[in-house]
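This report concerns only the one structure given below.
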Amino acid sequence: MEPERYKVVLSYDGTAFSGMQRQASGRSVQAAVEAALRPLGWKGKSIL
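So the sequence shown is numbered by UniProt numbering: it starts at 1 and just counts up by one.
Quick look at the structure:
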């Protein structure tokens, strides 16, 4: 059985972030999106 696939389109104000990709220090868009997806059942390692 193939996993379901979803398309997410988002926009954001990047002033509160240190960049798109996960960073060792600083808040990133990638980390915020992954954190928001986990309660929905997402178990992947990376959205990228």
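The C-beta atom is built at its ideal place from N, Cα and C for all residues, glycine as well.
query: CA nearest to the CA of Val9, picked from Lys45, Val33 and Ser25; result: Val33
query: Glu4, DSSP secondary structure in three states; result: coil
query: For Ser28, the nearest candidate out of Gly41, Pro39, Gly14 and Arg38 (CA to CA); result: Gly14
query: Whether Ala31 touches Arg38 by CB criterion (8 Å); result: no
query: Continuous alpha helix (DSSP H) stretch holding Leu48: start and end; result: Note, Leu48: premise wrong, no alpha helix (DSSP H); not H, not E.
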